[in-house]
Amino acid sequence: KAGVTQTPRYLIKTRGQQVTLSCSPISGHRSVSWYQQTPGQGLQFLFEYFSETQRNKGNFPGRFSGRQFSNSRSEMNVSTLELGDSALYLCASREGSNTDTQYFGPGTRLTVL
Amino acid sequence: DAKTTQPTSMDCAEGRAANLPCNHSTISGNEYVYWYRQIHSQGPQYIIHGLKNNETNEMASLIITEDRKSSTLILPHATLRDTAVYYCIVREDNNDMRFGAGTRLTVKP
């Protein structure tokens, strides 16, 4: 099976802009989670989607949002970008139950200037 | 906050076993212990997970103490490619994974 794919791999934006990142999970996986990784804060959980519904949410402001489509593909949106949003954004998928293993994509490196 | 404690860094000689410890003293009965590693800002790679029993796969072995308050990941014959940050994670009740700072393992020739 193909792994988790994320597009784009690299992105440069300026403050105040918005950005949309995309994630395609492993075939058959219904859960998609998003994480932010920065040198200062490490890997932090953003949210999880399962069957097009947000199932879990981390402690991030409302500027960070997401959605999931019927084919399980997911998008993450960040509005009104701030310099501190520069990070590696990681997507992970799993089949769906609580004990399923998560598999991560390669990430999208976002730089906000 | 992560529910695990790991050493910040460790070194290992190439070809030797790498033993990475993890403390999770507040783990509850239905929480699994997961290990991932991350090589140079790539996405984290799943290694192994377990609940109570020791586990082994093609990558590593996981030894969990009887009281489940700590575990050890064993890479039996470390190679230079095993240099990475290793994360020990206890699965939260609400299903998300809380990553700590991990252990930076450096395998030296």
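As given, the protein sequences belong to chains G and Y, one line each in that order.
When we follow the numbering used here, the leftmost residue of the first sequence carries the number 1, and every step to the right adds one.
When we follow the numbering used here, the leftmost residue of the second sequence carries the number 1001, and every step to the right adds one.
Glycine included, every Cβ here is placed at the ideal spot set by N, Cα and C.
From a predicted model like this one, the values you see are computed outputs, not experimental measurements.
With a cutoff of 7 Å on beta-carbon distance, G:Gly105 and G:Val32 are scored as not near each other.
Of Y:His1024, Y:Ile1027 and Y:Thr1083, the smallest CA-CA separation from Y:Leu1075 is found for Y:Thr1083. Where G:Tyr89 is concerned, the enclosing beta strand (DSSP E) starts and stops at Ala87 to Arg94.
Interface residue (Cβ-Cβ distance to chain G less than 7 Å): Y:Pro1021 is not classified as such. Segment contact: the stretch 85–99 of chain G against the stretch 23–42 of chain G, three or more CB-CB distances shorter than 8 Å; contact assigned. When Y:Thr1004, Y:Ser1028 and Y:Asn1019 are compared, the shortest CA-CA separation from Y:His1077 is found for Y:Asn1019.
Annotation for G:Gly42: the continuous beta strand (DSSP E) segment containing it runs Gly42 to Phe50. The continuous beta strand (DSSP E) containing Y:Thr1072 extends over residues Ser1070 to Leu1075.
Within the stretch 87–107 of chain G, the residues whose Cβ lies closer than 7 Å to any Cβ of chain Y are, in chain order, Leu88, Leu90, Asn98, Thr99, Thr101, Gln102, Tyr103, Phe104, Gly105, Pro106 and Gly107. Nearest to Y:Thr1026 by C-alpha distance, out of Y:Ile1064, Y:Lys1069 and Y:Arg1037, is Y:Lys1069. Bounds of the beta strand (DSSP E) holding Y:Asp1011 are Ser1009 to Ala1013. Not a single CB atom of chain G sits nearer than 7 Å to the CB of Y:Ala1060. A residue is called buried when at least 16 other Cβ atoms come within 10 angstroms of its Cβ; G:Phe47 meets this threshold and is buried. Residue range Ala1084 to Val1090 is occupied by the beta strand (DSSP E) that includes Y:Tyr1087. The secondary-structure analysis by DSSP pairs Y:Gly1050 across a beta bridge with Y:Val1033. Against chain G, a Cβ distance below 9 Å from Y:Arg1098 picks out Leu43, Gln44 and Phe45. For G:Ser65, the enclosing beta strand (DSSP E) stretches over residues Phe64 to Gln68.
Separation of G:Pro61 and G:Gly84 (C-alpha to C-alpha, rounded to the nearest whole angstrom) is 12 Å. When rounded, the separation of the alpha-carbon atoms in G:Lys13 and Y:Glu1066 is 50 Å. When CB distances to chain Y are screened at a threshold of 9 Å, the residues of the stretch 5–37 of chain G falling below it are Gln6, Ser31, Ser33, Tyr35 and Gln37, in chain order.
Y:Tyr1034 is a Cβ neighbour of Y:His1049, given a cutoff of 7 Å.
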